[in-house]
Amino acid sequence: MAKTLTQEFTKGLWEEIAPFRLVLGLCPVLGVTTTIENGIGMGLATTFVLVFSNILIASLRNIIPSKVRIACFIIIIATFVVVTELLMQAFAYTLFLKLGVFIPLIVVNCIVLGRAEAFASKNDLLPSIADGLGIGIGFTLSLAALGAVRELFGANNLTIWTTPNSVIGIQEVFGTNFEPFTFMVQAPGAFVCLGLMLCLMNLMGSK
Amino acid sequence: MRDLLIMVVVLTVLSAFSGGLLSGLRNATAARIEVQQLKFVKGPAIKKILQGVSNDPIADRFSLKDGDMVRKFFVGKFDGKANTVVLESSGKGYGGDVGLMVAVNMDDDTIVGAGVTTHSETPGLGAMAKDNPAFVSQFKGLPIAEMFKVTNDGGKVNAMSGATITSRAVCAAATQTGSIYQKLKPQLSEKLKEFNK
Amino acid sequence: MLSLSAVLFMLALGATCGAVLSAASKIFYVYEDPRVGIVEGYTAGANCGGCGYAGCAAAAVAVVAGEAPPSVCIVAGPEATANIAGVMGLDPGTAESLLSYNTCTGGDRAAEKYVYMGIKSCQALATLHGGQRFCPVGCLGFGDCVKACAFDAIKIGAHGYPVVNEMKCVGCGACEKVCPKDIMEIKTMSQRLLHLNQYDDRIAPCQQTCPAEIDIPKYVYQTKIGDYEGAVNTIRERNPLMLACGRVCPHPCEDKCRRGIEDEPVSINQLKRFVADYEMNSGKRLPISVAPSTGKKIAVVGGGPAGLSCAYFLRRLGHDVTIFDAMPKLGGMIRYGIPEYRLPKDVLAWEIDGILNLGVEHKPNVALGRDFDIGALIASGYDAVFLGIGAWKDYTLGVEGENLQGCYTGINFLTNFAVWQQERPHEQRPFIGKKCVVIGGGNTAIDCVRTLVRLGADEVTIVYRRTRKEMPANEVEIVAAEHEGINFTFLAAPTQVIGDEAGNVTQLEYLKMELGEPDASGRRRPVPIEGSETVIDTDMLITAIGQGPDVFFKDESKRLDEDLKLTRWNTIDSEDEIALQSSIPYIFSGGDAATGADLVVSAIGAGRRAARSIHFYLANEDITPPSKTLFRNNIPVSIFESVSGITQLPRTKMPELPVDERIKSFVEADLVITEDEALYESSRCLECCLICYNKDVA
Amino acid sequence: MGYMEIIIGGIFVNNILLAQFLGNCPFLGTSKKMETAVGMAMAVVFVLVLAGVITWVLYAFFLVPYKLVYMRTIAFILVIASLVQFVEMFLKKSIPALYAGLGIFLPLITTNCAVFGACILNVDKELNFMKTLVQSFAYAVGFGLALILFAGVRERIILARVPKPLQDTSIGLVTAGILSLTFYAFKGMI
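Each protein sequence line maps, in turn, to chains A, B, C and D.
The first sequence begins at 23 in this note's numbering and counts up by one.
The second sequence begins at 1316 in this note's numbering and counts up by one.
The third sequence begins at 806 in this note's numbering and counts up by one.
The fourth sequence begins at 223 in this note's numbering and counts up by one.
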């Protein structure tokens, strides 16, 4: 049964929301989610790569020989990752500095390659775009959610976007007397926090 | 065999295409990226040492050749007059090079301000050099021609307690800045004149 | 402006990588199962490791090896699963649906002996104590399988054992993985059909004893809960001739029935007959599943119980089978040796039709060695041959006068009569004497005498050289014969057959015997009493003292004569009596042809074992049975001296036709029990497995 | 930076799995069984060192001289992917015994962020050849150590009564967090 474009899009938002349902692409999920801003930025960067590599793969899928398709997908994805790197440096340099090594790592994010192989290489252009967009936004939301929890408890802030002059978001959410739970923004907190959120998802899913 | 050939050709063409695309994009964005890098890496330091400046020093910049190296200089205008030049150099610290930005007033060859740009020192000690304005403000008003040394070594600069090596690195960087300034001074004043036109 | 160096660099890099890999794939080419590559192609290729395997290639290897389900890839969707299943469908067995079974039916359950820090998990107990119950193999009952099942298909049933809901089970194998005792089994139909009883299986004494290895406790339980169709299916996994067996089987299983230790054993065979008749009388046939075709052809020579069983199992395993039989109709000895009153031939025909309906071909009236030889079978494309030619050659007494007119041999007499009765009843009936003497104490002898009674012989006598206790015939048969007025002359060894001038038999002379020391078989050896010669008048003498395979076909072919090894009893020799492969690798044998005259149910079991060997032989796999295979033996710990807590409940009596009614005709003498009786009898079953916990062992 | 520092830093302080968050997918995927974990760990040591060296050569002799540093992402992934595939084919044919142990883990490493990330980190730090070699090895050993420790813990978790929603990956992540916390104790070593 063919799904409508809307369904292709929305499935990525909850049904197949990548980091939680499939437990894939965890490195950036854990690595960059110290603030909401980083989460959103990383998510959008990944979405960008997802959508454009899906577009290219869906249009080239009949030309690429199946034996080297993975290699070709990797080249295509890597190209868009470098594009993202360059564009981020040009237009969102602070974010680029914060995300650091995780931007090139989009190349090896299994979600991207997984979608390329499992979806874009078998579907037409439009569904592939919808799929890429859906999965990407789902990924972004996951990162933002995790970032929100970690930033809230770990730094007592909720930063949505930083411009050179101002910060959009709420600072000192619990007031100045709150001693931030720094564990949360550090490495161990990332694991524990994701584990507990996964547990929450399971609880909700089981109902 | 045909299969293999097609595989190689497809791979090659695809990577060549990607190379083309990327180099094109790179060329298109290179200028902007440079500005961004300067703005975010050097920008804060420059802004701090050039307080009260009337222009955008990042935009008003020029390069000069110093032997094999190309050095970047930023121009500061005070009261509409371009009389200050910012230059950078580095000294060897505890965990790598410590970068130092020094602004020099070309009218009287004195230091207008100094700021640490990059460092990889131990957090809390050496890193104070960047965060601690008291340390770098010691340089303010000193003549650039001086040899900068910490008090322990018989100089005037008070070292940050517990971070002597970093302090020395900053001093060394400042001294080096002086020598570069002296060497390139004629060209620098030429350039400044252009900005005053 | 494009930077030339970038383009050139990527061009060179792409070309180098491509060229190196292409070259390497040629230079370092290693053969692998082509399905691995195809399956890997269907996985997402993301190498994410989310499936628990190290990358897509590893997952593909696992799928091809049958260790992972087609749904292994968590990134690729259901479409990929379908494709992978499609690829694997080429292999019979793995494309069949997998279902979970609880193989432990338990027995006397006990409370946990230890509770370790509150841990209530089978895995924990198995790890910490190696299983704290006495039973080395049984279910621990803490339901790790229930917890492991993501489909909510397993529940701990009323008896404390896992019960699988087949509707919900998807065969994912989670329960099998988590069970520390290998109790949860995920098997395809083929895997179940191929399984041989093992020493570490959780099987009750009856199932251990049954030569066909039928899961008796399961079908008795299914009968008890009224699931007669389930019971039929359970029996059919091991025995395609349940109507026949339900009537003629001497049920060795009942001898080992644990209830029999303190009470009378459960009447297992009557229950089998009840459910088998239930299916036949229900007016429909239960569907029998068959694995996807393998394209292999097997010739089954001989359409008796061994041949039919072998053909049935081979067909269900997906092979093409042709049965070559010397007689006009299939059934072999159970058609032409067992009289109508014991096994009505329309019942047999119904049962055999069920086997042929699976797609088994039948070529009647062709005898090996007379009409075709094995070379011709191989030449016409058969990949393997099963010899189930039975044991149709009677032994002779070796005394003077044996060939006089009026002297017959047992099989000869029964077959002639059966052929007349079934094929040409309008022709003249074979000769029947007035005063008949049958020599022998086996089932053939009893069949002869009971047939003779029905044909109107005035006086029928059995002459047997030992006592009634030693008679090898089924007890029920002997009893029935006694009821039907047969004379028994025990401890009599024939010495001479006396005839008149016309060459007709008139008298049998025998020597009286007395019992001496026990012989190798444990029976007391009869010793002749000097000078005790006695004569008995007769006009028809039937010798039924045993039979062996008729291997005349061997003389017809040089290859067979040289290479096909026989034992000294003329049975077909096989190195391994479970694998049943003859000295010629593609020839297998089973049933009476391999063992000498034996039970129908043994032949059925042998047919399945041979089918298993042929299946593996054709797949180029090892046919050697697993080292723990249980054969003609019992699991020592499962054989008890006593059983406690049994309330005596009488065993259901077999309904029979009244004697005066039955000796007049060949109408079936033994009747089927009623449904109420079946429910009662099945509830007598102790549902024993191995005992879980011996209260006497600390 | 001395070699000792690099080694201790790579294995403990900046453990690639628990402090840098690289290579987490296989970390959770292959840690369910000790056997798999050991195989994976060995394969990562093997490939990471090899990839570290090759990418360094590529970087130092091609990317930097031709001013193509911005293309390192695409160049590295292409080279690593090809390398892994080549090694796999080579082992399969030439050293089947080694292939039997490591082979199946190799493809998994193509898209292992630990390998790729470590290569990027190496060139970012502008290490020289020998230091790259040592650093790669240290990262790989750190990866293996964390993976094997984690697998050991996970095998034991089977014995614990974990509430249903927390089971499997969820408890795995929490456990990884605690393991990461223990590695935090190494922070003071450098």
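Ideal placement from N, C-alpha and C gives every residue a C-beta, glycine not left out.
Predicted, not measured: the structure shown is a model, and the values here were computed from it.
Residue pairing by DSSP places residue 1376 of chain B opposite B/1389 in a beta bridge. With a cut-off of 8 Å on Cβ pairs, the segment 1183-1203 of chain C is in contact with the segment 1386-1398 of chain C, counting three or more such pairs. Taking a Cβ-Cβ cut-off of 8 Å, the neighbours of residue 1337 of chain B in chain D comprise 292, 293 and 296, given in sequence order. Rounded to the nearest angstrom, the Cβ distance from residue 1377 of chain C to residue 1369 of chain C is 7 Å, consistent with a contact under 8 Å. Using a Cβ-Cβ distance cut-off of 8 Å, the segment 99-106 of chain A and the segment 186-200 of chain A are not in contact, since fewer than three pairs of beta carbons, one from each stretch, lie closer than that value.
When Cβ-Cβ separations below 9 Å define contact, residue 151 of chain A makes no contact with chain C. Secondary structure of residue 972 of chain C (DSSP, three-state): coil. Bridge pairing for residue 155 of chain A: absent [DSSP]. From the beta-carbon of residue 97 of chain A, the residues of chain B found nearer than 8 Å are 1326, 1329, 1330 and 1333.
Close partners of residue 88 of chain A in chain C (Cβ separation under 9 Å): 846. In this structure, the alpha-carbon of residue 1140 of chain C lies about 31 Å from that of residue 1298 of chain C. Counting along the chain, no beta strand (DSSP E) covers residue 234 of chain D, and no H or E run does either. Exclusion of the five residues before and after residue 1066 of chain C leaves 1445, 1447 and 1448 as the residues of its chain whose Cβ lies within less than 7 Å of its Cβ.
The beta carbon of residue 393 of chain D is closer than 7 Å to those of 379 and 384 in its chain, skipping five residues each way along the sequence.
Boundaries around residue 1430 of chain B are those of the beta strand (DSSP E), 1425-1431, since no alpha helix (DSSP H) includes it.
Secondary structure of residue 1405 of chain B (DSSP, three-state): strand. Nearest C-alpha to residue 1409 of chain C among C/811, C/1040, C/970 and C/844: C/1040. Within the model, the alpha-carbon separation for residue 36 of chain A versus residue 1329 of chain B is close to 35 Å. Residue 1280 of chain C is classed as exposed because its beta carbon has fewer than 16 other beta carbons within 10 Å across all chains shown. In this structure, the beta-carbon distance from residue 1487 of chain B to residue 1417 of chain B does not fall below 9 Å. The residues 844, 847, 868 and 875, in chain order, have a CB closer than 7 Å to that of residue 889 of chain C in the same chain once the five nearest residues on each side in sequence are set aside. Runs of the alpha helix (DSSP H) spanning 4 or more residues and lying entirely within the segment 1093-1130 of chain C occur at 1110-1121, in chain order.
Just so you know, the alpha carbons of residue 1106 of chain C and residue 1424 of chain C end up roughly 21 Å apart. For residue 1199 of chain C, the beta-bridge partners assigned by DSSP are C/1352. In the structure shown, residue 993 of chain C falls within a coil segment according to DSSP collapsed to helix, strand and coil. Taking C-beta atoms as the reference points, residue 988 of chain C and residue 976 of chain C fail to come closer than 9 Å. Taking the Cα positions, residue 1482 of chain B is about 7 Å away from residue 1465 of chain B.
As the crow flies, the alpha-carbon of residue 1081 of chain C is around 20 Å from that of residue 1144 of chain C.
Close to chain B, meaning a Cβ-Cβ distance shorter than 9 Å, are the following residues of the segment 112-132 of chain A: 112, 113, 114, 115, 116, 118 and 119. Contacts between residue 833 of chain C and chain D, judged by CB atoms closer than 8 Å, involve 311, 312, 314, 315 and 316 in chain order. Residue environment for residue 1030 of chain C: exposed (fewer than 16 other C-beta atoms within 10 angstroms of its C-beta). About 17 Å separates the beta carbon of residue 1373 of chain B from that of residue 1419 of chain B, a gap too long to meet the 8 Å contact definition.
Under a criterion of Cβ atoms nearer than 9 Å, the residues of chain B adjacent to residue 105 of chain A are, in order, 1336, 1337 and 1340. Between the segment 73-82 of chain A and the segment 161-179 of chain A there are fewer than three C-beta pairs closer than 8 Å, too few to call the two in contact. Contact check for residue 115 of chain A against residue 1450 of chain B fails: the beta carbons are separated by 9 Å or more. Rounded to the nearest angstrom, the gap between the Cα atoms of residue 1014 of chain C and residue 1006 of chain C is 13 Å.
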